[in-house]
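Single-structure report; data block below.
Pasting the structure below:
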């Protein structure tokens, strides 16, 4: 057996013998990309406390990864197609692992954000490479099954991130969560060289760098606007980003329509299957990322689970994703992707609708059914969409195809956290104001309204004042003064308990309200996707597949 795999799979007269081992490497590479975000959700409280992060700092620690990741994928996918898809994967793993080590050593908000941005660049190299190498390695008859396993890995990573991070946080600091990615990246790097056959497009002209750079500008500006506007207000920065995104998108579309070899042929969006699949991916991850954002907070803050326990309680989601993926592998060839995707989106809508019943008395058991249904929905809907998106591109543009799929995913996720997260924050603040009804000083209420964590901190502060007064009462020499201090301590203790209950019920009500809005968005989107997706392969898709087969095989 060769130490390094140098023969392109396309040059053999039969399917690559170790293609399923190669898929394992590609899935490991995908795993760390998703875990890098989900693990951070449980590490964020410790990081905030140790580094003294403001809410703006924490937001950019999370989204410093997202901006370069989303903005660079299309251009880097095209570069991988032309020069080396495996080379892009290997380079991405090196950059990603280096960023993770940098994050482990970081000791300030600025350095953590910088480390996350480096990891985002690595992810932008890795993500489209995994899908393009999958498509290049597997014969068409097996590709849907391989994509189903790739999609199931993403579902596993959603739950695995908090679980592994929670286990580390039992005995180590938040910086240890960055190191989760390093051994996995190292194994994937070695596996990529030994097991993944090299691939690049056989017929690929000059790269449309102008179109690629325009895509970086408009996607990067759009993601920045999505992050900045809802969370920090529509100031000059957010409005400027919106204007740049709009102008950049218009310039990108006009340039791509006129270019003989565009980085992305935007005419593909006139194909119903392609447009419907991208819309479904974006809408689904809007719902999934938004729900994950507030469910992890509900588990940690309201129900009081630690990081490890939170990760364990997300496992039903991961198991259901695998079950849904197995189900879609059986159903899609029999009933068609239109019905499996629509059924998955209906299931996602139902899961969010069930979360509207959450209130201050809800326990973990009330969340199990929505988590299971949401996982089944992910497994049902996403792999057929990814297969359809990849099937719309010829062999010479598989990296671009992967980038389009992943950009839709990332834009949807960013919108979900921005829209649903902003709505959650506004709803929580309003409910808390009503629940306290003038029982708090204005500055304390304002602090408590910043986040559910801040609300519990205010309640804890009131409780600490009560304990201090009780201690003073014990040591007071004047009986009258001792009685007064004891009475004040009792009043504050009751106030702390009421404040804690008000924060929990207000956040629970906000979860229910936000879930209702998410269910409406996904429900309307389900109707749009159902109308867009054709019953069978439409003529444009058939022509695309025929052209793809005529292009020829790829070489390294």
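In my numbering, the protein residues as written are 8 to 563. Glycine included, each C-beta is placed from N, C-alpha and C at the ideal position.
Problem set entry | Segments of 4+ residues assigned as alpha helix (DSSP H) that fall wholly inside the segment 237–300 | 243–265
Exercise. Is residue 160 closer than 8 Å to residue 37 when the C-beta atoms are compared?
Worked result: As a first step, residue 37 must be located in the chain shown, where it is residue number 30. As a first step, residue 160 must be located in the chain shown, where it is residue number 153. Taking 8 Å as the Cβ cut-off, residue 37 and residue 160 qualify as a contacting pair.
Exercise. Where residue 344 and residue 332 are concerned, what is the direct C-alpha to C-alpha distance, given to the nearest angstrom?
Worked result: Your numbering for residue 344 matches position 337 in the chain shown. Your numbering for residue 332 matches position 325 in the chain shown. Distance between the alpha carbons of residue 344 and residue 332 is about 13 Å.
Exercise. Three-state secondary structure (DSSP) at residue 103?
Worked result: By one-based count along the chain shown, residue 103 stands at place 96. In the structure shown, residue 103 sits in a helix (DSSP, three-state: H, G or I).
Exercise. Around the Cβ of residue 404, are there at least 16 other Cβ atoms within 10 angstroms (buried) or fewer (exposed)?
Worked result: Against the chain shown, residue 404 aligns to sequence position 397. Flag for residue 404 reads buried.
Exercise. Ordered along the chain, which non-local residues of its own chain (more than five positions away) have a Cβ less than 6 Å from that of residue 127?
Worked result: The residue given as residue 127 occupies position 120 in the chain shown. If we look at residue 127 and ignore the five residues flanking it on each side, its Cβ neighbours are 72, 75, 76.
Exercise. Considering only residues of the same chain and omitting the five flanking positions on each side of residue 270, which have a CB-CB separation below 6 Å?
Worked result: The residue given as residue 270 occupies position 263 in the chain shown. These residues qualify, in order along the chain: 85, 215, 218, 219.
Exercise. Shortest alpha-carbon distance to residue 10 belongs to which of 23, 202, 341, 156?
Worked result: Counted from its first residue, the chain shown places residue 10 at position 3. Among 23, 202, 341, 156, the Cα nearest to that of residue 10 belongs to 202.
Exercise. Hey, quick one: how far does the alpha helix (DSSP H) through residue 163 stretch, first residue to last?
Worked result: Locating residue 163 in the chain shown gives position 156, counting from the first residue. From DSSP, the alpha helix (DSSP H) with residue 163 extends over 147–176.
Problem set entry | Contact between the segment 378–394 and the segment 193–200 (3+ Cβ pairs under 8 Å) | no
Problem set entry | residue 222 versus residue 398 - alpha carbon distance | The residue given as residue 222 occupies position 215 in the chain shown. The residue given as residue 398 occupies position 391 in the chain shown. Distance between the alpha carbons of residue 222 and residue 398: 22 Å.
Exercise. Exposed or buried, what is residue 551 when buried is set at 16 or more other beta-carbons lying within 10 Å of its beta-carbon?
Worked result: Here residue 551 refers to the residue found at position 544 of the chain shown. Because the pLDDT of residue 551 is 45, which lies under 50, any placement of that residue in the model is unreliable, and the question is left without a value.
For this session: Quick one: give me the first and last residue of the alpha helix (DSSP H) that residue 214 is part of.
Result: In the chain shown, the residue the question calls residue 214 occupies position 207. Note, residue 214: premise wrong, no alpha helix (DSSP H); not H, not E.
Exercise. In or out: residue 241 buried (at least 16 other Cβ within 10 Å) or exposed?
Worked result: On the chain shown, position 234 is the one that residue 241 refers to. The residue in question, residue 241, is exposed, as its Cβ has fewer than 16 Cβ neighbours within 10 Å.
For this session: Work out the CA separation of residue 494 and residue 378 for me, nearest whole Å.
Result: As a first step, residue 378 is located in the chain shown; it is residue number 371 there, counting from the start. As a first step, residue 494 is located in the chain shown; it is residue number 487 there, counting from the start. Whole-angstrom Cα-Cα distance: 46 Å.
Problem set entry | Alpha-carbon spacing of residue 290 relative to residue 135, whole angstroms | In the chain shown, residue 290 corresponds to position 283, counting from 1. In the chain shown, residue 135 corresponds to position 128, counting from 1. About 20 Å.
For this session: Could you tell me if residue 467 is buried or exposed, where buried requires 16 or more neighbouring beta carbons within 10 angstroms of its beta carbon?
Result: In the chain shown, the residue the question calls residue 467 occupies position 460. Per the 10 Å Cβ criterion, exposed.
Exercise. Taking the alpha-carbon positions, what's the residue 430 to residue 479 distance?
Worked result: Here residue 430 refers to the residue found at position 423 when the chain shown is read from its first residue. Here residue 479 refers to the residue found at position 472 when the chain shown is read from its first residue. If you take the alpha carbons of residue 430 and residue 479, they lie about 43 Å apart.
For this session: State buried or exposed for residue 365, treating a residue as buried only when at least 16 other CB atoms are found within 10 Å of its CB.
Result: If you number the chain shown from 1, residue 365 lands on position 358. When all chains shown are included, residue 365 counts as buried.
Exercise. Looking at the structure shown, is residue 307 part of a helix, part of a strand, or coil, going by DSSP?
Worked result: Start at 1 with the first residue of the chain shown, and residue 307 comes out as number 300. The answer is helix: DSSP assigns residue 307 an H, G or I state.
Exercise. If we count the other Cβ atoms within 10 Å of its Cβ and call it buried at 16 or more, is residue 520 buried or exposed?
Worked result: On the chain shown, position 513 is the one that residue 520 refers to. That one is buried.
Exercise. Does the distance from the C-beta atom of residue 93 to that of residue 228 stay below 8 Å?
Worked result: In the chain shown, residue 93 corresponds to position 86, counting from 1. In the chain shown, residue 228 corresponds to position 221, counting from 1. No, they are not a contact pair.
Problem set entry | Residues near residue 281 by beta carbon distance below 6 Å, same chain, minus five either side | On the chain shown, position 274 is the one that residue 281 refers to. The answer, listed in chain order, is 275, 399.
Exercise. If we ignore side chains and look at the alpha-carbon of each, how far apart do residue 7 and residue 49 end up?
Worked result: Here the chain comprises residues numbered 8 to 563, so residue 7 is not present and cannot be evaluated.
For this session: For residue 547, collect the residues of the same chain with a Cβ closer than 6 Å to its Cβ; drop the 5 residues on either side in sequence, then sort them by chain order.
Result: Taking the first residue of the chain shown as position 1, residue 547 is located at position 540. Legend: pLDDT at residue 547 = 45, less than 50; position of this residue unreliable, value from coordinates given subsequently. 278.
Problem set entry | Nearest candidate by alpha-carbon position, reference residue 61, set 252, 460, 328, 418 | By one-based count along the chain shown, residue 61 stands at place 54. For residue 61, the nearest C-alpha among the options comes from 460.
Problem set entry | Straight-line gap, residue 350 to residue 536 (C-alpha atoms, nearest Å) | Your numbering for residue 350 matches position 343 in the chain shown. Your numbering for residue 536 matches position 529 in the chain shown. One C-alpha to the other measures close to 11 Å.
For this session: Within 10 angstroms of the Cβ of residue 513, are there 16 or more other Cβ atoms? Answer buried if so, exposed if not.
Result: Here residue 513 refers to the residue found at position 506 of the chain shown. It counts as buried.
Problem set entry | Beta-carbon spacing of residue 481, residue 506 below 8 Å | Reading the chain shown from its first residue, position 474 is the one you call residue 481. Reading the chain shown from its first residue, position 499 is the one you call residue 506. No, the Cβ-Cβ distance between residue 481 and residue 506 is not below 8 Å.
Exercise. Does DSSP classify residue 540 as helix, strand or coil?
Worked result: Along the chain shown, read from residue 1 onward, the residue named residue 540 stands at position 533. Coil, per DSSP.
For this session: Grab the span of the alpha helix (DSSP H) containing residue 185 for me, first residue to last.
Result: Against the chain shown, residue 185 aligns to sequence position 178. Unbroken run through residue 185: none, as it is neither H nor E.
Problem set entry | Same chain, Cβ closer than 8 Å to residue 545, five either side skipped, listed in chain order | Translated into positions along the chain shown, residue 545 becomes position 538. The predicted position of residue 545 is uncertain, since its pLDDT is 46 and thus under 50; no value can be drawn from it.
For this session: Measure from the alpha carbon of residue 503 to the alpha carbon of each residue in 518, 517, 474, then state which is nearest.
Result: What you label residue 503 is simply residue 496 of the chain shown in a count that begins at 1. The shortest C-alpha separation from residue 503 is found at 474.
For this session: Go to residue 28, then tell me how far its alpha helix (DSSP H) extends in each direction, as first and last residue.
Result: Position 21 of the chain shown holds residue 28. Where residue 28 is concerned, the enclosing alpha helix (DSSP H) stretches over 26–58.
For this session: Measure from the alpha carbon of residue 501 to the alpha carbon of each residue in 528, 489, 470, then state which is nearest.
Result: Here residue 501 refers to the residue found at position 494 of the chain shown. For the residues 528, 489, 470, the minimum Cα distance to residue 501 belongs to 470.
Exercise. Is residue 61 near the ligand COA, judged by its Cβ being under 7 Å from some heavy atom?
Worked result: Only the bare structure without any ligand can be found here, which leaves the ligand COA out of the picture.
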